[in-house]
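Visitor: This is the structure I have questions about; it appears just below.
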Amino acid sequence: MAFPSGGPRQNELNFDQIIGQIQQGLGRLTRRFGGGGIGVIIVAILILIGLVWLGSGIYQVGPGEQAARRLFGVVQNPITDPGLQWWWPSPVGHKDKESVTQTRRMELGFISNEAGSVSPRGEEALMISGDLNIVDVQMVVQYNIKDINAFLFNVDDPGEETRAVMVGRPEGRTLKDAAEAALRLVVGQRSIDDILVRNREDVEVNTRDRLQQIMDTYHSGIAVVSVQLQDVKAPEEVRDAFDDVLRARQERDTRINQARAFEADIIPRAEGDAERIKEAAQAFKQARIARAIGEADRFNAILSEYANSKEVTRQRLYLEAMEEVLPDVNKIILSPESQSVLILGGDETLKPVPFGPTP
Amino acid sequence: MKSLIIIAIIIIASLIVTRSALYIVDVTEQVLILRFGEVRDTRTNPGLYLKAPFIDTIITFDKRILRIDAPPVAMPDKEKQNLVIDSYARYRIVDPVQFRKTLQTETGARSRLGDIVTSTLRDRVALRDRFEIIGSEPLVDEFGNPEEDSEGLPLFAGVETRSDILQEVLDGVKNTVETQNFGIAIIDVRIKRADFPDSVTPSIYTRMRAERNRIATKFRAEGEEEDLKIRAVANRNRDVILANADQASNQLRGAGEAEAIRILADALNQDPDFFSFRRSLEAYQAFLGQQDTVVLSADAPLFQYLTNPTASK
Numbered sequence: 035m036a037f038p039s040g041g042p043r044q045n046e047l048n049f050d051q052i053i054g055q056i057q058q059g060l061g062r063l064t065r066r067f068g069g070g071g072i073g074v075i076i077v078a079i080l081i082l083i084g085l086v087w088l089g090s091g092i093y094q095v096g097p098g099e100q101a102a103r104r105l106f107g108v109v110q111n112p113i114t115d116p117g118l119q120w121w122w123p124s125p126v127g128h129k130d131k132e133s134v135t136q137t138r139r140m141e142l143g144f145i146s147n148e149a150g151s152v153s154p155r156g157e158e159a160l161m162i163s164g165d166l167n168i169v170d171v172q173m174v175v176q177y178n179i180k181d182i183n184a185f186l187f188n189v190d191d192p193g194e195e196t197r198a199v200m201v202g203r204p205e206g207r208t209l210k211d212a213a214e215a216a217l218r219l220v221v222g223q224r225s226i227d228d229i230l231v232r233n234r235e236d237v238e239v240n241t242r243d244r245l246q247q248i249m250d251t252y253h254s255g256i257a258v259v260s261v262q263l264q265d266v267k268a269p270e271e272v273r274d275a276f277d278d279v280l281r282a283r284q285e286r287d288t289r290i291n292q293a294r295a296f297e298a299d300i301i302p303r304a305e306g307d308a309e310r311i312k313e314a315a316q317a318f319k320q321a322r323i324a325r326a327i328g329e330a331d332r333f334n335a336i337l338s339e340y341a342n343s344k345e346v347t348r349q350r351l352y353l354e355a356m357e358e359v360l361p362d363v364n365k366i367i368l369s370p371e372s373q374s375v376l377i378l379g380g381d382e383t384l385k386p387v388p389f390g391p392t393p
Numbered sequence: 002m003k004s005l006i007i008i009a010i011i012i013i014a015s016l017i018v019t020r021s022a023l024y025i026v027d028v029t030e031q032v033l034i035l036r037f038g039e040v041r042d043t044r045t046n047p048g049l050y051l052k053a054p055f056i057d058t059i060i061t062f063d064k065r066i067l068r069i070d071a072p073p074v075a076m077p078d079k080e081k082q083n084l085v086i087d088s089y090a091r092y093r094i095v096d097p098v099q100f101r102k103t104l105q106t107e108t109g110a111r112s113r114l115g116d117i118v119t120s121t122l123r124d125r126v127a128l129r130d131r132f133e134i135i136g137s138e139p140l141v142d143e144f145g146n147p148e149e150d151s152e153g154l155p156l157f158a159g160v161e162t163r164s165d166i167l168q169e170v171l172d173g174v175k176n177t178v179e180t181q182n183f184g185i186a187i188i189d190v191r192i193k194r195a196d197f198p199d200s201v202t203p204s205i206y207t208r209m210r211a212e213r214n215r216i217a218t219k220f221r222a223e224g225e226e227e228d229l230k231i232r233a234v235a236n237r238n239r240d241v242i243l244a245n246a247d248q249a250s251n252q253l254r255g256a257g258e259a260e261a262i263r264i265l266a267d268a269l270n271q272d273p274d275f276f277s278f279r280r281s282l283e284a285y286q287a288f289l290g291q292q293d294t295v296v297l298s299a300d301a302p303l304f305q306y307l308t309n310p311t312a313s314k
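These protein sequences, in sequence, are chains C and Z.
Quick note, the numbering used here runs 34 ahead of the 1-based positions in the first sequence.
Quick note, the numbering used here runs 1 ahead of the 1-based positions in the second sequence.
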């Protein structure tokens, strides 16, 4: 066995050679003990131990999983295909399986349990916005592993028990610290109204990009899939004032809508009325003209006949008119000599005094 | 039997020697090989290595990116107002020999580097105002007045001043670390949180509340204003529409009457006397009824034959 000691480093070992030498040694042992008795038992036990040891190297890679392998501390290409695999057991080799396709989730500013209830974490959630207000932001980071070797071997991390993150996985404090730093940086660049209502998506995209950038500087092997703002609100202490603004905005819009409804009600009515008035006037005009034309035509017609025999017609018309008028009225016919006539009582009691024969 | 025991001893002894002579350097580690306390060699590449058994000992250092979490510290800004800043840094041990000499352990590094990061950050923060630390800038128009949005809130633009501060801090810490020859490389310094001190928070809330109350009042007043405006305009429009209609109506009626008068006058003017006669007759027919009493003179032309059948004109 030739191991390098100092000088140029040599990481690769000839395992065939090692195993060959072990076999040779065992062969010599067996011969020494005369090929039987206790020697055989010892050899058998050693072989058995060896087999069990080798057998413990069998492991399963599930769908969506990858296995990172180390041999004497040296990183190998990860196993990416699911199925039954074998790798050197400890202490010669190490294997670590991680699910890489599965999207993992980290909550910031709150903790939800399996029952779905949410408990806020104020110290994580409260932050200063660009207009020096305080805003309460709850966020979820979704991520997965894009490089399992980088994920496992590049960054130290104390892990996080509450999220079941193992020690040495950068999805623990590393991701959390970076997410907080990124989110607070982005929130600090925007006014509270941008964060609360106007530009949530912008905050999400920016935070995601910055977080990815930080995680890439650490070569953490983590891909940030998305950053989602959950509950974004004003802090408890001033929430009623923020709610009142929303209410006031609603009230304003309601009043405007009501006024518009009023407008929409009266204007068409007025227009209808106007149309009616104009039509009535038009009708009046046309009727008036039509009547005038009729009257004029009638007059013209009569006049042409009247012109033929003026005297007779005039007399006839007069008498006919009198015939029409006089039968219905009370008549008092006075002698031209009488100076006055005394009428007693009102219209009802008036009794005409006959004078001569009635017509 | 005796030889068996000897062989067993030899095997066990050789195992112990092998165990002591062989060591594995993991990909996440780097080691120092010490002989009697003196650094004899370093191994920064992973693999299986051999050392002199029993006399050589190894010290393992992490090769990964390591974390320093500085505690939150109140730092005064340019205007002597405190912000509680919680920062963290990342570093890597690049020279384990120097690291062991100066900082010795990760724990030592944590407190030492934490102090350096905090004090460098404090120096930089003291040169900046609040907005620069938070990373925004109040917008002003060309006259220097603060710009406001439609709700009367001041507008802000995001700026990269926080990143600038952190870059300065990173450079500063790098400088210190190099001067002190700690054998480490600083990778990143970040402000995790920058918060108002607890003593200031109530006054911030008071300000936020006042600001919101102002906006709410403004909204309500705007609602009132718009309401009145829209109704006034609507009423005016209605009145104008109706008045215009009246105007048109009177014009039409007038035109109709004028036309009628003209038409009739044209006709009647052919013989005003006849018209007057005929129209009078019509009028008598129209206004004389049963309730009326007519006093007639017996010598009216109507009655010329009444008393004198032989009369003639």
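Backbone N, C-alpha and C define an ideal beta-carbon position, used for all residues, glycine too.
Check the Cβ-Cβ distances between Z:Gly-184 and every residue of chain C, and say whether any is below 7 Å.
Guide: Not an interface residue.
Visitor: What are the residues in the stretch 147-166 of chain Z lying within 9 Å of chain C by C-beta distance?
Guide: Taking 9 Å as the Cβ-Cβ cut-off against chain C, the residues of the stretch 147-166 of chain Z that qualify are Asp-150, Glu-152, Leu-154, Pro-155, Leu-156, Phe-157, Ala-158, Gly-159, Val-160, Glu-161, Arg-163 and Ser-164.
Visitor: Would you tell me roughly how many angstroms separate the C-alpha atoms of Z:Phe-132 and Z:Leu-114, rounded to the nearest one?
Guide: If I take the Cα positions, the gap works out to 27 Å.
Visitor: Going along the chain, which residues of its own chain have a beta-carbon closer than 6 Å to the beta-carbon of Z:Ala-75, five neighbours each way excluded?
Guide: Closer than 6 Å at Cβ, skipping near neighbours: Asn-83, Val-85 and Pro-198.
Visitor: Threshold first: 4 residues or longer. Then list the alpha helix (DSSP H) segments lying entirely within the stretch 89-149 of chain Z, N to C.
Guide: Listed in chain order, the complete alpha helix (DSSP H) runs (minimum 4 residues) inside the stretch 89-149 of chain Z are 97-103, 107-126 and 131-135.
Visitor: Output the distance between the C-alpha atoms of Z:Lys-219 and Z:Val-201, rounded to the nearest integer angstrom.
Guide: If you take the alpha carbons of Z:Lys-219 and Z:Val-201, they lie about 27 Å apart.
Visitor: When the Cβ atoms of the stretch 225-237 of chain C are set against those of the stretch 149-163 of chain Z, are three or more pairs found closer than 8 Å?
Guide: Cβ pair count under 8 Å is three or more, so yes.
Visitor: Would you tell me roughly how many angstroms separate the C-alpha atoms of C:Met-35 and C:Pro-192, rounded to the nearest one?
Guide: Model confidence at C:Met-35 stands at a pLDDT of 39, short of 50, so the residue's coordinates are unreliable and nothing is read from them.
Visitor: Measuring straight from C-alpha to C-alpha, what distance separates C:Val-387 and Z:Tyr-285?
Guide: Residue confidence is low: C:Val-387 scores 49 on pLDDT, short of 50, so the model does not pin down where it sits. Its coordinate-derived value is still stated next. Their Cα atoms are separated by approximately 22 Å.
Visitor: At a CB distance below 7 Å, what residues from the stretch 119-131 of chain Z approach chain C? Give them in sequence order.
Guide: For the stretch 119-131 of chain Z, which is checked against every Cβ of chain C, the residues closer than 7 Å are Arg-131.
Visitor: Can you tell me which of C:Met-356, C:Ala-317, C:Leu-337 and C:Arg-325 puts its alpha carbon nearest to the alpha carbon of Z:Ala-301?
Guide: It is C:Met-356.
Visitor: Less than 7 Å separating the beta-carbons of Z:Thr-43 and Z:Leu-33?
Guide: Their beta carbons are under 7 Å apart, which means Z:Thr-43 touches Z:Leu-33 by this criterion.
Visitor: Nearest chain C C-beta to Z:Asn-238 closer than 7 Å, yes or no?
Guide: By this cut-off, Z:Asn-238 is an interface position.
Visitor: Alpha carbons only, please: which of C:Leu-82, C:Asp-130, C:Glu-285 and C:Lys-312 is nearest the one belonging to C:Met-200?
Guide: Closest by alpha carbon: C:Asp-130.
Visitor: State whether the stretch 229-246 of chain Z contacts the stretch 295-309 of chain C, with contact taken as three or more CB pairs (one from each stretch) at a distance under 8 Å.
Guide: Enough Cβ pairs lie closer than 8 Å, so yes.
Visitor: For Z:Thr-103 and Z:Phe-183, I'd like the C-alpha separation in whole angstroms.
Guide: Z:Thr-103 and Z:Phe-183: Cα-Cα distance of roughly 6 Å.
Visitor: From Z:Phe-62 to C:Arg-232, what does the alpha carbon distance come to, in whole angstroms?
Guide: Taking the straight line joining both Cα atoms gives about 49 Å.
Visitor: Return the first residue and the last residue of the beta strand (DSSP E) that C:Gly-306 is part of.
Guide: No beta strand (DSSP E) contains C:Gly-306, which is instead part of the alpha helix (DSSP H) from 273-342.
Visitor: Run down chain A in chain order and give the residues with a C-beta less than 9 Å from the C-beta of C:Leu-368.
Guide: Judged by its chain identifiers, the structure shown contains no chain A, and its protein chains are C and Z.
Visitor: Taking DSSP's pairing of strands, which residues face C:His-128 in a bridge?
Guide: DSSP output for C:His-128 lists C:Arg-104 as bridge partner(s).
Visitor: Can you check whether the C-beta of Z:Ile-69 is within less than 7 Å of a C-beta belonging to chain C?
Guide: By this cut-off, Z:Ile-69 is not an interface position.
Visitor: How about the stretch 275-292 of chain C and the stretch 211-230 of chain Z: do they share at least three Cβ pairs that are nearer than 8 Å?
Guide: Yes, the stretch 275-292 of chain C touches the stretch 211-230 of chain Z.
Visitor: Which residues, in chain order, does the stretch 275-287 of chain C contribute to contact with chain Z at a C-beta distance below 7 Å?
Guide: Going along the stretch 275-287 of chain C in chain order, one finds Ala-275, Phe-276, Asp-278, Val-279, Ala-282, Arg-283, Glu-285 and Arg-286 with a Cβ nearer than 7 Å to chain Z.
Visitor: Residues of chain C with CB under 9 Å from Z:Gln-286, in chain order?
Guide: Those within 9 Å of Z:Gln-286 in chain C are Ala-355, Glu-358 and Val-359.
Visitor: First and last residue of the alpha helix (DSSP H) that includes C:Phe-144?
Guide: Unbroken run through C:Phe-144 is the beta strand (DSSP E), 144-146; no alpha helix (DSSP H).
Visitor: Can you pull the chain Z residues whose beta carbon is under 9 Å from the beta carbon of C:Asp-227, in chain order?
Guide: Ordered by position in chain Z, the residues that pass the 9 Å Cβ test against C:Asp-227 are Asp-150, Glu-152 and Leu-154.
Visitor: Under the assumption that C:Arg-218 contacts Z:Ala-195 (Cβ atoms under 8 Å), give the Cβ distance between them as a whole number of angstroms.
Guide: About 7 Å; that satisfies the 8 Å criterion.
Visitor: What's the C-alpha gap between C:Gly-107 and Z:Gln-181?
Guide: Cα-Cα distance, rounded: 32 Å.
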